[in-house]
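Please read the structure below before turning to the comments.
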Amino acid sequence: MMRLILVLMAAASFLPPEPVWAEGVIATLSNRRVEIRSNFVGTELVVFGSIERDAATVGRARGYDVVVVVRGPTDDMVSWRKERIAGIWVNATGVEFVRAPSYYAVLSNRPLSEISGPLLLRRRGIGLDHVKLVPRTAQPPEVEAEFRDALIRRKMEQHLYIEDGRAVQMLTQRLFQVPIPLPTRIRTGGYTAVVHVFADGALLASTEIGFWVFKHGFEAAVFDLAHRQPLLYGLATVAMAFGVGWLGSVLFRRD
């Protein structure tokens, strides 16, 4: 037994060591709180960051690449296939994806294919090709791919899924900034922005920062009522509709 242990220890000593990179990254956001009011038409946050290295680390000949991945709260989403039935286009077949990100943005200083290989990008979930979308029930690969692509296209049209290979601005070799566009239809909740630093195709360092999107004022009160007291919200909505109808009939009736 002791001989076996010694053999294993000797074999382990010949294994290549895990790469240890001397670089690190520090990042912050221009704002950690986004308020949605009645006049909200979208906004933009900015990530500022610096790539740090110790005194013994020499600069990278090809410089650094920065990729920022922003994810919003998750939702269960259904992707539909429209079919023509009796002359009318309707949603006929659907696939539900569970815990899909309501917002997903990949922002980099150049296209992802020029930064690293597909295996590393897939393992880290970086890029629209690798965003995690899991169907509730198992589907044939070609069916899953069809509905997955349809969901991503719809989200891109709504500016909720973004991949921009020119978004990160390298101010110097080690200082950078990147705007995060938040559209009108952004969902409330917690968001994370993960900043990755690459060089020569390798991932050197990562850091995560977060921010919150929330409703403010009258919109927040209506939102809370609808979710916490749905029955009361429904009754109030019906009463308001009757009130508006009655008021219209009084104002515009003809004697």
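The sequence shown runs -22 to -1, 1 to 233 under mature numbering (1 follows the signal peptide of the UniProt record, and there is no 0).
The beta carbon of each residue, even a glycine, is placed where N, CA and C say it ideally should be.
Close Cβ partners of residue i (< 6 Å) along its chain, the five nearest in sequence each way excluded
| i | result |
| --- | --- |
| Gln151 | Gly41 |
| Arg126 | Leu111 |
Under the three-state DSSP convention, the category residue i falls into
| i | result |
| --- | --- |
| Leu7 | strand |
| Lys133 | helix |
| Ile93 | helix |
| Ala171 | strand |
| Tyr211 | Low per-residue confidence applies at Tyr211: pLDDT is 49, beneath 50, and the placement is therefore not dependable, though the value from the model is reported in the following sentence. Three-state result, Tyr211: helix. |
| Thr125 | With the sequence shown as reference, residue 125 is identified as Phe, and Thr is not the correct amino acid for it. Correct three-state label for Phe125: helix. |
| Leu149 | coil |
| Arg100 | helix |
| Pro79 | strand |
| Pro118 | coil |
| Asp54 | strand |
| Phe18 | coil |
| Val109 | coil |
| Thr71 | strand |
| Arg59 | strand |
| Ala(-1) | coil |
| Ala39 | coil |
Residue span of the beta strand (DSSP E) that contains residue i, given as start and end
| i | result |
| --- | --- |
| Phe189 | Ala180 to Lys193 |
| Asp43 | Asp43 to Arg49 |
| Pro157 | Leu153 to Leu160 |
| Phe26 | Thr21 to Arg31 |
| Asp142 | Tyr139 to Asp142 |
Neighbourhood of residue i by C-beta distance below 8 Å, restricted to the same chain and skipping five residues each side
| i | result |
| --- | --- |
| Phe201 | Below a pLDDT of 50, predicted positions are generally treated as unreliable, and Phe201, at 49, falls in that range; the measurement from the model is reported next regardless. Result list for Phe201: Thr166 and Lys193, in chain order. |
| Asp54 | Glu74, Phe75, Val76, Arg77, Ala78 and Arg114 |
| Val12 | Thr21, Leu23, Leu160, Ile164, Phe189, Trp190, Val191 and Phe192 |
| Glu122 | Val73 and Pro113 |
Supposed contact pair residue j and residue i - C-beta distance, whole angstroms, cut 8 Å
| i | j | result |
| --- | --- | --- |
| Ala5 | Val146 | The Cβ separation is near 11 Å, so there is no contact. |
| Pro157 | His137 | With a Cβ gap of about 13 Å, Pro157 and His137 do not count as contacting. |
| Val48 | Ala83 | 4 Å |
| Arg10 | Phe154 | That belief does not hold up - the Cβ atoms of Arg10 and Phe154 are roughly 19 Å apart, past 8 Å. |
| Ala183 | Val56 | Their Cβ separation, rounded to whole angstroms, is 38 Å, which puts Ala183 and Val56 out of contact at 8 Å. |
Nearest neighbour of residue i, chosen from the options [CA to CA]
| i | options | result |
| --- | --- | --- |
| Pro159 | Ala180, Val25 and Leu153 | Val25 |
| residue 240 | Thr162, Tyr139, Ile164 and Arg10 | The question about residue 240 has no answer here: the residues shown for the chain are numbered -22 through 233. |
| Gly179 | Arg131, Ser57 and Asp43 | Asp43 |
| Asn87 | Val45, Ala177 and Asp54 | Val45 |
| Arg38 | Ala(-1), Val12, Ser80 and Glu120 | Ala(-1) |
| Thr115 | Trp58, Phe18 and Val73 | Val73 |
| Thr52 | Pro79, Ser28 and Leu97 | Pro79 |
| Asp142 | Arg163, Ile104 and Ser16 | Ile104 |
| Ser94 | Thr185, Ile187 and Ala177 | Ala177 |
Interface flag, residue i vs chain B, CB-CB below 8 Å
| i | result |
| --- | --- |
| Pro161 | In summary, chain B is missing from the structure at hand, where a single protein chain is found. |
Own chain residues within Cβ distance below 7 Å of residue i, not counting five before or after
| i | result |
| --- | --- |
| Leu99 | Leu90, Gly105 and His108 |
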